[in-house]
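Novice: Quick note on this note's numbering: the sequence shown kicks off at 26 and runs consecutively.
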Amino acid sequence: MSRVLAAALVAVLWACPAIAAPTVAFAWPDGQRAAVSLAYDDALDSHLDTAIPELDRHGLKASFYLTLSADTVRSRMSDWRAAARNGHELGNHSLFHQCAASKPGRDWVAPQRDLDTMTALQMQEQVRLASTMLQAIDGAATRTFTVPCGDTAAGDGDYVAALADDFVAIKVMGGAVVPDMQTLDVHAVPVEAPVGVDGDALIALVEDAARRGTMVNLTFHGIGAEHLAVSREAHARLLEHLAASPEIYWTATFRDIMTWVRARAAPPAPRPAAVSP
Ligand SMILES: [Zn+2]
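1. Note down, one range per segment and in chain order, each beta strand (DSSP E) of at least 3 residues found wholly within the region 53–136.
2. Could you give the distance in angstroms between the alpha-carbon of Arg287 and the alpha-carbon of Val211?
3. Consider the C-beta atom of His23 and the heavy atoms of ligand 1; say whether any pair is separated by less than 7 angstroms.
4. Residue range of the alpha helix (DSSP H) that Val152 falls in?
5. Taking the alpha helix (DSSP H) that Val286 falls in, what are its first and last residues?
6. In angstroms with no decimal places, state the Cα-to-Cα distance between His246 and Thr239.
7. Is Ile228 helix, strand or coil when you go by DSSP?
8. Starting from the C-beta of Ala11, find all residues in its chain whose C-beta is less than 6 angstroms away, skip the five residues before and the five after it, and write them out in chain order.
9. Identify, in the order they occur along the chain, each residue of the same chain with its Cβ nearer than 8 angstroms to the Cβ of Gly84, setting aside the five sequence neighbours on each side.
10. In terms of residue numbering, what span does the alpha helix (DSSP H) encompassing Leu267 cover?
11. Using a Cβ distance threshold of 8 angstroms, determine whether the region 116–126 contacts the region 220–229, with at least three qualifying pairs required.
12. I'd like the list of long-range same chain contacts for Ile195, defined as Cβ closer than 6 angstroms, with 5 residues on each side in sequence excluded.
13. Quick one: what does DSSP say Thr177 is sitting in, helix, strand or coil?
14. By alpha-carbon positions, which one of Gly249, Met283, Ala235, Thr284 ends up nearest to Ser270?
15. Report the three-state DSSP secondary structure of Met198 (helix, strand or coil).
16. Does at least one heavy atom of ligand 1 sit under 7 angstroms from the Cβ of Pro78?
17. For ligand 1, any of its heavy atoms closer than 7 angstroms to the Cβ of His72?
18. Got a sec: does ligand 1 put a non-hydrogen atom nearer than 7 angstroms to the Cβ of Asp67?
19. Given 7 angstroms as the limit, tell me if Pro173 has its C-beta closer than that to any heavy atom belonging to ligand 1.
20. Tell me the residue span of the beta strand (DSSP E) that contains Leu253.
21. Starting from Phe245, trace the beta strand (DSSP E) in both directions and tell me its first and last residue.
22. On a Cα-Cα basis, can you pick out the residue from Ala145, Tyr90, Ile282, Leu159 that is closest to Asp9?
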C-alpha cells in the first residue's frame, strides 16, 4: 500500500466516530467476547419441563425469576430446589408480581396486585420477604432481582432504588444488548423479553453482543406454552448456538455475570486531599 493511500485510509478511519474512539474491551473470564444471561420469569411449568432439560443437556446455566405466589413454587418446590442445586439461579421476581394497572394493555392486572395502589415501603418489604423465602428454598445468600413489568414506580414513587443493597444486580427493561460495560448501572441493567421470534432473531442478538464485547440479557416467559411465548424450536436453536461456541459466549447466571462485572467496575474517584489551613 502506498504511503499516500495508507494516509488517506487513516484519515477516513479517523473521520468515522465509531472507529476513531475505540473503547477498551471488557475482559470476560476466559477471554470470551460476550456474557449471555438467559432468564425465565414468572415460575412457569415450561421452565421446569422444557427450558431446564434443554439447558442441562448443553451444560448452560440460567436464572429463573420466581414470583413466590405462583402455583409452581408450591406444587413443584422440589424441582426448583433441584435446579438451584444444579447451578441455576433462583432470582427474585417479588411475591405477587405487582404491575401498574394504569398503563396501556394492563387489563390483566388484578386489583389486589395493582402497583399503583401500593406504597414504595410496602413493595420493599415484600421484595425482601421474597428473598427470605428464596433463601429458604435454595440456601443462597445473594441473588438478583427482575422488576415485574419493569415498573419501578409504586403509588407514591420509586420503590426499586432503595433495594440496591439487597441485590447483586437489578434488571429493568430497555433492550437486550448492553451498549457499554463501562457505563452500565448494575441496578438498572437493560433487558429484552423476546416474544414469538425465531431462532435467527435470538442468535442475531447474541452475535451483536459478541461484536460489541458486552453482554446480552434475554428474559423469556413461556417456552412453547403459556404467555409471551417463544417456541421450543427457537429456544433450542439459541441454546445450540451458544453451546457450540463457548470460546465466544460466557452463558451464566445473572448473579455470576454481575458478580464478575462488579468486581471489575472502576473504583470510585478518590476524594480530594484535605487542604490544611
Ligand atoms: Zn414477570
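From the three backbone atoms N, C-alpha and C, an ideal C-beta is built for every residue, glycine too. All values reported here derive from a predicted model rather than from experimental measurement.
Specialist: In terms of the structure at hand:
1. Runs of the beta strand (DSSP E) inside the region 53–136: 59–66, 88–91, 114–117.
2. So the two alpha carbons sit approximately 8 angstroms from each other.
3. Look at the range of the chain in this structure, 26 to 302, and you will see that residue 23 is not part of it.
4. Val152 -> alpha helix (DSSP H) spans 145–163.
5. Residues 279–288.
6. The straight-line gap from Cα to Cα measures roughly 23 angstroms.
7. Helix at Ile228.
8. Here the chain covers residues 26 to 302 and nothing more, so residue 11 does not appear.
9. If we look at Gly84 and ignore the five residues flanking it on each side, its Cβ neighbours are Ala268.
10. Where Leu267 is concerned, the enclosing alpha helix (DSSP H) stretches over 257–269.
11. Too few Cβ pairs lie closer than 8 angstroms, so no.
12. So the qualifying residues of the chain are Phe170, His212.
13. Coil.
14. Closest by alpha carbon: Ala235.
15. Three-state DSSP puts Met198 in coil, outside helix and strand.
16. No, the beta carbon of Pro78 sits no closer than 7 angstroms to any heavy atom of ligand 1.
17. Every heavy atom of ligand 1 is 7 angstroms or more from the Cβ of His72, so no.
18. Yes, the Cβ of Asp67 comes within 7 angstroms of a heavy atom of ligand 1.
19. Yes, Cβ of Pro173 sits closer than 7 angstroms to a heavy atom of ligand 1.
20. That residue, Leu253, is in no beta strand (DSSP E); it is neither H nor E in DSSP.
21. Segment 240–245, the beta strand (DSSP E) holding Phe245.
22. With the chain represented from 26 up to 302, any question about residue 9 goes unanswered, as that position is not in the structure.
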